[in-house]
Amino acid sequence: MRILFLGDVVGRVGRQMVLDHLPGLRRDWALDFVVVNGENAAGGFGITEAIYDEFLEAGADAVTLGNHAFDQREALVFIERAPRLIRPANYPPGTPGRGAALIEAQNGARVLVVNMMGRAFMDPMDDPFAAIDRELDAGPLGLVSDAVIIDFHAETTSEKQAFGHWCDGRASLVIGTHTHVPTADHRILPGGTAYMTDVGMCGCYDGVIGMDKEEPLRRFTRKIGSSRFEPAQGSGTLSGLAVETDGAGRAVAVAPVRIGGALAPSVPDFW
Numbered sequence: 290m291r292i293l294f295l296g297d298v299v300g301r302v303g304r305q306m307v308l309d310h311l312p313g314l315r316r317d318w319a320l321d322f323v324v325v326n327g328e329n330a331a332g333g334f335g336i337t338e339a340i341y342d343e344f345l346e347a348g349a350d351a352v353t354l355g356n357h358a359f360d361q362r363e364a365l366v367f368i369e370r371a372p373r374l375i376r377p378a379n380y381p382p383g384t385p386g387r388g389a390a391l392i393e394a395q396n397g398a399r400v401l402v403v404n405m406m407g408r409a410f411m412d413p414m415d416d417p418f419a420a421i422d423r424e425l426d427a428g429p430l431g432l433v434s435d436a437v438i439i440d441f442h443a444e445t446t447s448e449k450q451a452f453g454h455w456c457d458g459r460a461s462l463v464i465g466t467h468t469h470v471p472t473a474d475h476r477i478l479p480g481g482t483a484y485m486t487d488v489g490m491c492g493c494y495d496g497v498i499g500m501d502k503e504e505p506l507r508r509f510t511r512k513i514g515s516s517r518f519e520p521a522q523g524s525g526t527l528s529g530l531a532v533e534t535d536g537a538g539r540a541v542a543v544a545p546v547r548i549g550g551a552l553a554p555s556v557p558d559f560w
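Counting from 1, position 267 in the sequence shown corresponds to residue 556 in our numbering; the numbering is continuous, with no gaps.
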């Protein structure tokens with residue numbers, strides 16, 4: 290399978306990069322499955338139903354979330370009628386929506402998509418290691434699912450790396466989101482799981498993690514906020530990870546994707 294994961298979409302600039310580029314990438318790379326993290330898509334905080342629908346129309350098969358999942362209050366309602374919108378599975382019982390979904394890929398394969406949230410320097414959540422065991426036991430790779438994609442939305446590199454090793458051999462891809470800065474450690478773990486500590490964001494890098502730089506600078510230098518954070522409006526970058534799997538759902542190739550904006554460009558050389 291050919292899989293593309295796109296990192297946290299931040300505001301209008303990030304949305305436009307996805308809408309402009311994803312349809313062509315889907316066609317040119319003959320992608321079987323695409324996941325987009327959309328938790329910052331609506332003004333930098335949360336997602337709306339209209340934006341979710343736009344991502345699906347552009348070519349996304351699933352949209353994952355994170356700690357801003359319900360910043361837009363409408364998400365509490367529309368998530369129940371959005372089967373491809375996936376919030377962290379380790380939210381407390383009774384939280385609207387779903388933390389995992391088995392979705393049919395473009396080639397007819399069954400793809401289990403799981404969203405999980407870390408606990409280090411994040412809001413208190415249920416244990417993500419125990420929660421992912423439950424999800425992987427319910428949809429094991431090679432039996433119930435042909436591929437397993439895990440979006441681990443977490444703050445620290447150590448927790449993300451530990452989580453990747455914990456899932457190695459049981460998932461096709463474990464990818465970190467949330468910190469909006471792409472790491473250089475994309476690789477295939479010993480058990481055949483593709484891994485990257487943070488995939489980066491789709492948005493404007495001429496700011497502070499996708500936000501206009503002026504307000505963060507004021508808060509760091511004066512310790513006094515004067516306005517809300519607003520997404521940066523400069524040139525956009527599309528950040529993601531390309532993964533190819535074999536018939537057993539194990540990764541055989543992995544490469545970063547960076548298109549446009551301030552970062553050095555990168556596209557896979559195996560497609």
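All C-beta atoms, glycine included, are put in the ideal place defined by N, C-alpha and C.
| Item | Value |
| --- | --- |
| Report the option in Asp297, Met405, Ala540 whose CA atom is closest to the CA atom of Pro377. | Met405 |
| So which of Asn329, Gly348, Gly514 has the shortest CA-CA distance to Gly313? | Gly348 |
| Between which two residues does the alpha helix (DSSP H) carrying Tyr341 extend? | 338-347 |
| Tell me whether Glu346 is buried or exposed, calling it buried when 16 or more other Cβ atoms sit within 10 Å of its Cβ. | exposed |
| Using the Cα positions of Gly332 and Ser461, report the straight-line distance between them to the nearest angstrom. | 31 Å |
| Is the CB-CB distance between Ala364 and Pro385 below 9 Å? | yes |
| In chain order, what residues of the same chain lie with their CB nearer than 7 Å to the CB of Ser516, ignoring the 5 residues before and after it? | Glu504 |
| Residues bridged to Arg399 by DSSP? | Glu393 |
| Please return the same chain residues whose Cβ sits closer than 8 Å to the Cβ of Gly388, not counting the five positions on each side in sequence. | Ile375, Arg376, Pro377, Ala378, Asn379, Tyr380, Val403, Asn404, Met405, Ala420, Glu424 |
| Going by beta carbon distance, what residues of the same chain come within less than 7 Å of Gly480, once the five residues before and after it are set aside? | Asp457, Gly458 |
| Distance, Cα to Cα, Lys449 vs Phe441? | 7 Å |
| According to DSSP, is Val307 helix, strand or coil? | helix |
| Tell me the residue span of the alpha helix (DSSP H) that contains Gly446. | Note on identity: in this sequence residue 446 is Thr, with Gly being the wrong assignment. Looking at the DSSP string, the run of the alpha helix (DSSP H) that includes Thr446 is 446-456. |
| Output the distance between the C-alpha atoms of Val543 and Val323, rounded to the nearest integer angstrom. | 14 Å |
| Return yes when the Cβ of Gly550 is within less than 9 Å of the Cβ of Gly523, no when it is not. | yes |
| Return helix, strand or coil for Leu430, following the three-state DSSP convention. | strand |
| Run the CB neighbour count on Thr482, radius 10 Å, all protein chains shown included, and call it buried at 16 or more, exposed below. | buried |
| What residues in its chain sit with their C-beta under 7 Å from that of Val463, if we drop five residues either side in the sequence? | Ile439, Phe441, Phe452, Gly453, Cys456, Thr482, Tyr484 |
| Ignoring anything shorter than 4 residues or poking outside the region 494-543, list the alpha helix (DSSP H) runs there in chain order. | 503-511 |
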